[in-house]
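What follows is a short report on a single structure.
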Amino acid sequence: MNAQELSWLALWGATALYAIAMVASSMHLARVADAKVARKRERELVAAGAVPADPTAGVSMNGQPATASAGLVVRSKARGIARATTLMGAVLQGVGVVARGIEAGHVPWSTMYEYTITGTWVAVVVLLIVQTRRDVAYLAPGVTGFATIGLGLAMTVLYAQSTGLQPALQSFWLVIHVSIAIISTGIFTVGATATVLQLMRDYRDSGTAWLQRFRWLEATPSPARLEALAFRLHAVGFVLWTFTVMAGAVWAEHAWGRYWGWDPKEVWSFVIWVIYAAYLHARTTQGWAGRRSAVVALIGFVALIMNFTVVNLVFQGLHTYSGT
Amino acid sequence: MARVKLDNYAYADVPRLGLRGWLRWIWRQVTSMRVALILLLLLALAAIPGSVLPQWPQDASDTAAFLAENPTWGPLLDRLGFLDVFGSAWFTAIYLLLFASLIGCILPRIAVYWRELRAEVPAAPTRLDRYAPVTEDSPLNPADAVAAVRTEIAGRGPAPWRWLTGHRVRVDERTTRDGVAQIAVSAHRGHVRELGNLIFHVSLVGILLAVAAGSLLTYRGQALIVEGDSFTNAVVAYDTYEAGSLFSEDDLDPWILTLDELDAQFDETGRPTMFTAYATLTEPGQEPRAVEAQVNRPIQVEGAKIYLQGNGYAPSFTVTDSSGNVAFQGAVPFIPQDDVYTSTGVIKVPDVTEGEQLGFSGTLLPSALGEGADAISVFPSPENPVIYLQMYTGDLGLDSGIPQNVYTLDESQLSPVRDEDGELAVIELVPGETAALPDGLGTITWDSLDRFAGFDLRRDPSLPWLLAFAITTLLGLGLSLFAPRRRVWLTAVAADAGAGPVTVVTAAVWSPPHDAGAALTRERALAAATGRPRPSSTSPEDDE
């Protein structure tokens, strides 16, 4: 078996495992929601005076009133399956990505196919890292689902034979600029997942009718906590994106003789940066914090996806080699 | 005075705003966060047409074609600036307003920050109940407990490091409303975050200024050099040349660049793998030195960089006229039209001994496959080079005084040469071959096949500044997002005399909701006050 076959098999294996992980983590989320609803009822009984409540239980580490879910850890079989398949999928995908790099003889992010397999891998790894620090079961279905679809599309639509690097890409800035872009895309992806959940939970809590059907949303933390998590992810993503744009400018100065030329890719990188900057400002602006700033962050994510899809495939520019 | 309706029945006379009042109101609006936010979103929105529509500065020929294809919409879009978005009045207006807003916001904040740094942090609140305080007994007496807390959270190491990593601490000895004497510690950490914020925004202004200065002080030119030829750095030598208004042509250093060889390598499928220009650079007053340019490695000369931006073939020809005199000899760059280097170029022969001037337009196929009009090139390297020439006679129009494109023939006063059958005469040449021109007009010889390199030359003295501001922008951004903003308060009250604890300490902390590590600071303060070992520095497990 050569590197190409190994990469191919490992990536398909990872896709299948992520699909299983997505289903299992969704089931787990439903269990957690059930448990939380049950516990909420119990608390309401406590509050009604049936049992004297422990005075310290209502306060979390941060000194804020804890949500009804504090300290609740549900261990279901689905959770174990989801965690195991995600981890195995990430290992397999790592093998696939590295094998592709060995086969191609350069870092595996010079075409859309390579960018996608590496980018989805980073998103899953970010999820795994966050998972070691806190229980983020509610993020798992979104991220593994995104990885399944992204990998599936990469394997079926975007696949391109590996080739040598063309002269414009023969630079160590390919390693720096594109790898940081991929990492920040992965982090923005997890952040956007948290933001979507934040909005859904928020609107469900305030009585939006069609969201009442999604009982699994009970398994997510309060909108404020989701917002806090999303902000931290977006902050890291934004710093890395700033670095991506700057490193891109330095590379452009080396390769094309100008640091900024409003090439379509540069325009969109700028647009993404400005939108996420607006998000960071919106968070601290009266009347914009919360829902509106969340919407701005999601617009930023849409622009990020646009930059990767439409800009690569439709617009003519200097970055066209990233196409298939 | 103006009358303002207060409710349905009441009116009030209020002073008119007046010009100054309106200006102040406008300034307050411009510098408000809400307006900055809207301007940011507008800026993002306004940039998008620049990627969708063809743009003059990026691709003039595409834009001209777009105008030709859209006779109705094209000119309207052009007039409204949509075909040069980033130079348009509205785009400029948005970002200038944004920077006005930024400066108007940041200047007062710098002043506030300066005053805050010089003042003591506010005292601890009299009641900590709102902040979920934690109370413990300590064996230390109040003064020692507070001193221990102070060393713990004020930071360790040299003063600048302490300033960056520690809290700003204030200690008050006071009496509560209940008449109890207590020592209150108030520690704030957030000055680094705000510093990062200010550095970030000031650096953005710096980037804008550097870009503006760069556009005034820069020059950029393009030159095509055939192997064996030299280029002297002067405005006349450039094919295209543009400079900022503060750059004087006299400032061009008269160095000489000689292209020795252009090495182009392709893989078996014809994709380029490496372009290298080997050249000799002679700077004034210095020995000539060998230099190399690759796509990602420009040549550095005094204050400028030379980028390898293109390459192609430059066949050399000798043309003799009907009298047998050499009328033209030299290399002619043929511009590649596709990935396999099917190239087109023209030969202009104005100096014939007698008769009309001669012109040739030719197509070069580096690896020709097929015959005559059906021939195509199949590979970019010269495996089987063939040139097809179409010949013209007449007036080349070189004496009209209007600058001419050297890569096209002005056919207005030229007529194509036809053979006996009235078909257009096509001369087919391979390297080294000589062909007789129709009608006894002379001969043409393809002497050799050289390559040319397309160089971009650029000087931009703002680049180091730009890089410096970019680095401080990133640094400031990192600090403003990741440096914590926390307030820790601790009160120490002497316990009742007798056995048991000496002091009762109460600690509380405040931080924004996204800061999960704040509780650890409170634990550290408590540990110091009670003489316990420090808690481990790992982030506490979220209770979610």
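These protein sequence lines are chains A and B, in that order. Quick note on numbering: the first sequence equals residues 1 to 324 in our numbering. Quick note on numbering: the second sequence equals residues 1001 to 1544 in our numbering. The beta-carbon is built from N, C-alpha and C at its ideal position, and this holds for glycine as well.
Across the stretch 1283-1312 of chain B, CB contacts with chain A closer than 8 Å involve GLN1294, VAL1295, ASN1296, ARG1297, PRO1298, LYS1305, TYR1307, GLN1309, in sequence order along the chain. Neighbourhood of GLN1055/B in chain A, by CB distance below 9 Å: TRP262, in chain order. Of the candidates ALA192/A, VAL236/A, THR116/A, ALA289/A, the residue whose Cα lies closest to the Cα of GLY96/A is THR116/A.
Judged by DSSP in its simplified three-state form, THR1176/B adopts coil rather than helix or strand. For GLU1287/B, no alpha helix (DSSP H) run applies, since DSSP gives it neither H nor E. For a Cβ distance threshold of 7 Å, nothing in chain A lies close to ASP1129/B: the least Cβ distance comes to about 11 Å. Residue range 1142-1153 is occupied by the alpha helix (DSSP H) that includes ASP1144/B. Not a single C-beta of chain B is nearer than 8 Å to the C-beta of SER7/A. The alpha-carbon of VAL1202/B is positioned some 51 Å away from that of ALA1495/B.
Judged by beta-carbon spacing, GLY1454/B lies beyond the 8 Å limit of GLN1294/B, meaning their Cβ atoms are not closer than that value. By DSSP's assignment, GLY1221/B forms a beta bridge with TYR1241/B, LEU1457/B. The alpha carbon of TRP1489/B has as its nearest neighbour, out of ALA1093/B, GLY1440/B, GLN1182/B, GLY1285/B, the alpha carbon of GLN1182/B. Inter-residue distance for SER1088/B and PRO1057/B is about 12 Å (C-alpha atoms, whole angstroms).
Inside the stretch 251-313 of chain A, DSSP marks whole alpha helix (DSSP H) runs of 4 or more residues at positions 264-283, 291-308, 310-313, from first to last along the chain. Nearest neighbour of PRO1054/B by Cα position, chosen from ARG1289/B, THR1031/B, GLY1081/B, turns out to be GLY1081/B. Chain A has a Cβ within less than 8 Å of the Cβ of THR1273/B.
DSSP places ARG1487/B in the uninterrupted beta strand (DSSP E) bounded by 1486-1494. Any Cβ of chain A closer than 8 Å to the Cβ of SER1051/B would place that residue at the interface, and such an atom is present. At least one CB of chain A lies nearer than 8 Å to the CB of GLY1478/B.
Short of 8 Å from the beta carbon of ALA1036/B, and not among the five residues preceding or following it, lie these beta carbons of its own chain, in chain order: LEU1098, SER1101, LEU1102, CYS1105. In terms of CA proximity to ALA297/A, LEU233/A leads the group LYS265/A, LEU233/A, GLU253/A, PRO264/A. The beta carbon of THR1031/B sits closer than 7 Å to those of SER1101, GLY1104, CYS1105, all from its chain and outside the five residues before and after it, given in chain order.
ALA1046/B is a Cβ neighbour of TRP1090/B, given a cutoff of 8 Å. Judged by DSSP secondary structure, LEU211/A falls outside any alpha helix (DSSP H); it is assigned neither H nor E.
With 16 or more other CB atoms across the displayed protein chains lying within 10 angstroms of its CB, LEU1204/B is buried. When C-beta distances to chain B are compared with 7 Å, every residue of the stretch 75-104 of chain A stays at or above that value. With respect to LEU1257/B, LEU1281/B sits close: the two C-beta atoms are nearer than 8 Å.
By the CB criterion at 8 Å, HIS254/A and ASN1296/B fall inside the cutoff. Bounds of the alpha helix (DSSP H) holding VAL1035/B are 1033-1047. In this structure, the straight-line span from the alpha carbon of LEU211/A to that of VAL196/A is close to 13 Å. Under the three-state reduction of DSSP, HIS177/A is assigned to helix.
Using a Cβ distance threshold of 8 Å, GLN166/A and TRP121/A do not count as a contacting pair. Around the beta carbon of GLU1354/B, fewer than 16 other beta carbons sit within 10 angstroms, so the residue counts as exposed. Inter-segment contact for the stretch 280-294 of chain A and the stretch 258-267 of chain A is absent: fewer than three beta-carbon pairs are separated by less than 8 Å. Within the same chain, and ignoring the five residues on either side of LEU1437/B in sequence, the residues whose Cβ sits closer than 7 Å to its Cβ are MET1391, THR1443, ILE1444. For ALA1047/B, the residues of chain A that pass the 9 Å Cβ criterion are TRP262, VAL267, TRP268, PHE270, VAL271, VAL274, in the order they occur in the chain.
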